[in-house]
Every structure is written in structure tokens, then in C-alpha cells.
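Asks: Below is the structure I would like to discuss, written out as C-alpha cells.
Numbering (mature numbering (1 follows the signal peptide of the UniProt record, and there is no 0)), first residue to last: -27 to -1, 1 to 284.
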């Protein structure tokens, strides 16, 4: 009888302890976190951001819906799949990965993210990402790794490679000869009066007209941000070719400013030009998403640059 009482007491005590702990499901913790595979990358390199939620098995979890960027200077290259791993009895870890990069040197900040577990929302901590610029030794010249190999190439080789063009040239010459012979027999018609030559439009007036036409089309307001900045950059490059006689349409932004160093262009105008061309390069090649104010400011800077260059 005494043994039976001890067993009954043990069962009651164990039940009370289980109730005081809130049951196994209530003892499980919910934790969310954000982690970078590496917190330091070179300019243009990539790293992986992992958003993780440790939750009871069977619990619904929703990660944030991210578009193309984490911030203005940290674009998303690729969003990975969601991975679920059992970490213990009744407990699992759910991870969402994102492959990210940055084309802006310096300390970038990965913002906080909100992860919803069940009906509750939890926030991760912000993370630092150090983006290191790539050092370029501009004192060294560019040269081939190996010298070009000399290959014998005779006129027969050239004729075999260009047989179609040679045959086409012969046909054209024969047709031209026949046409000349026919025209020679015909009475020569009087030549028409020369067309009136129009005066050349000054480069700044031509550029200002193109800029106004671009503004009137409202490209960036319709979501066409990349075409807007690409055309804005081309208008300025065409103006530089006409005004300062440099091959700006074929040069990179850095090459343009090397060429402008030999001109009398003031530093203030160079600053305006660099802001417009640099933002256009980021939009075209780095998928930068500028603010609406940045789009309009680029137009204002371009118009001011052209007007100052008219003097």
C-alpha cells in the first residue's frame, strides 16, 4: 500500500511539473536571424545572405518579399530556394538565401528584415557589409601575353576566303559598265539646281532641343529608367563631340575626363558632367534604381552643363 502511494505521488508530481513548463510545444523557442557568408567583399564580388527562422515543426513561416535590391547600393543577384532542416524533436530550421553584390566601395548596411512566424512578426538585426575598392596600377601599360604568331597567307588564300565578295564585285562592275554605256547614248539631262544649304545648328542648341524632347517623353515616369539615362548620356556625349572635338561616343566615362583635361572646361562643369554620366553608368551596368529626384536632377544638371558650355 505504501509503495502504491509513492508511485501515485510520483505521477502527480511529474504531471504538475509538465503543466508548469507549459508542455513540450510551449517550451520550444522561436528565433530569427540574418547572416552573411562573408562580411567583406571586393567591389563587384558576391556573397550570400541567409535569413533563418528556428521554429516548432509545422509552424507557418513567411519571409519578406524582396525585389531586385536590399538597399540602394546592394542589389540582389539571385534569390535562392527555401531550405528546411529538422534540428531536434519537434523543432526545425527554415532558411531563405539571397546572392547579393555591391558596386559602391565603403561600408554598406544590410537592413533589418521582418519574418512572420504564425501570427507574430520577428525582426532580424542589421548587418554591416564592407565593400573594398579594387586597386588599379595605372602606371603599367597594357600588353599582350604572347606575341602574335605569323601565319603565311597568300593571295590564293585571300581569294578563296573572299570568293563571294569577288564575284559580287565583278557583277557590280559589269552592271556599272553596261549602265554607263546606256547612259552615254542618252541625251544628258540638265542638272537640277543645287539644294539650298541650311545653316549649321550650334551644338548647345541641338543638345538643348534633344534634352527637352527627352524630358517631354516622360520615360522614367513610365518606368523606363534605363532607357532614360542611356539616352541622356548619349545626348551629352554627342554634345561633347561637337563642342570639344573628342570621340566621347566611343569612350568610357573615365576616358572622357582624361580627354577633357586638355580643354578649358571649368571644374564646376566637370562636376555636373561626372554626376550625370556616373549615375547613367550605374543604371545601365549595375542595375541601380535611382530616386525620382535623382532622375530629374540628372536632367537639370545636363541642361545646366550644356548652357554653360555654349559660352
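Quick reminder that beta carbons are idealized off the backbone N, C-alpha and C, glycines included.
All values reported here derive from a predicted model rather than from experimental measurement.
Could you tell me the distance, in whole angstroms, from the CA atom of residue 256 to the CA atom of residue 113?
Replies: The straight-line gap from Cα to Cα measures roughly 30 Å.
Asks: Would you mind sorting residue 126 into buried or exposed? The rule is 16 or more other CB atoms within 10 Å of its CB.
Replies: That one is exposed.
Asks: Which residues bound the alpha helix (DSSP H) around residue 188?
Replies: 176 to 190 is the span of the alpha helix (DSSP H), which, as asked, contains residue 188.
Asks: Using C-beta distances below 6 Å, list every residue in its chain close to residue 8, excluding the 5 sequence neighbours before and after it, in chain order.
Replies: Answer for residue 8: 23, listed in chain order.
Asks: Distance check for residue 3 and residue 26, CA to CA, integer angstroms please.
Replies: Cα to Cα, the separation comes out at about 7 Å.
Asks: When you compare each of 73, 45, 44 to residue 53 by their alpha carbons, which one comes out closest?
Replies: Of 73, 45, 44, the residue nearest in Cα terms is 73.
Asks: Roughly how many angstroms separate the alpha carbons of residue 181 and residue 204, rounded to a whole number?
Replies: Cα to Cα, residue 181 sits roughly 13 Å from residue 204.
Asks: Tell me which residues share the same chain as residue 270 and place their Cβ nearer than 6 Å to its Cβ, disregarding the 5 neighbours each side in the sequence.
Replies: If we look at residue 270 and ignore the five residues flanking it on each side, it has no Cβ neighbours.
Asks: Could you check if residue 202 is buried or exposed, using at least 16 other CB atoms within 10 Å of its CB as the buried criterion?
Replies: Residue 202 comes out buried.
Asks: For residue 177, which option in 102, 70, 283, 43 has the closest C-alpha, if you only look at C-alpha atoms?
Replies: Out of 102, 70, 283, 43, 283 has the C-alpha closest to the C-alpha of residue 177.
Asks: Per the DSSP calculation, residue 222 is bridged to which residue(s)?
Replies: Partner(s): none; residue 222 has no beta bridge.
Asks: Spatial neighbours of residue 93 within its chain, please: C-beta separation below 8 Å, excluding the five flanking residues on both sides.
Replies: Counting only Cβ-Cβ distances below 8 Å, and skipping sequence neighbours, we find 3.
Asks: When you compare the CB of residue 246 with every CB in chain B, is at least one pair closer than 8 Å?
Replies: Of the chains in the structure shown, none is chain B; there is only one protein chain.
Asks: Can you tell me whether residue 133 is buried or exposed? The criterion is at least 16 other CB atoms within 10 Å of its CB, across all chains shown.
Replies: Classification of residue 133: exposed, given that the 10 Å Cβ count is below 16.
Asks: Go through the stretch 110 to 137 residue by residue and report every complete run of the alpha helix (DSSP H) that reaches 4 residues or more, in order.
Replies: Within the stretch 110 to 137, the complete alpha helix (DSSP H) runs of at least 4 residues are 128 to 134.
Asks: Grouping DSSP H, G and I as helix and E and B as strand, with all else coil, what is residue 215?
Replies: Here residue 215 sits in helix by DSSP.
Asks: How big is the Cα-Cα spacing for residue 78 and residue 262?
Replies: Looking at the two C-alpha atoms, the distance is approximately 17 Å.
Asks: With the cut-off set at 8 Å, would you say residue 251 and residue 103 are in Cβ contact?
Replies: No, the Cβ-Cβ distance between residue 251 and residue 103 is not below 8 Å.
Asks: How would you write the range of the alpha helix (DSSP H) that residue 38 sits in, first residue to last?
Replies: Unbroken run through residue 38: none, as it is neither H nor E.
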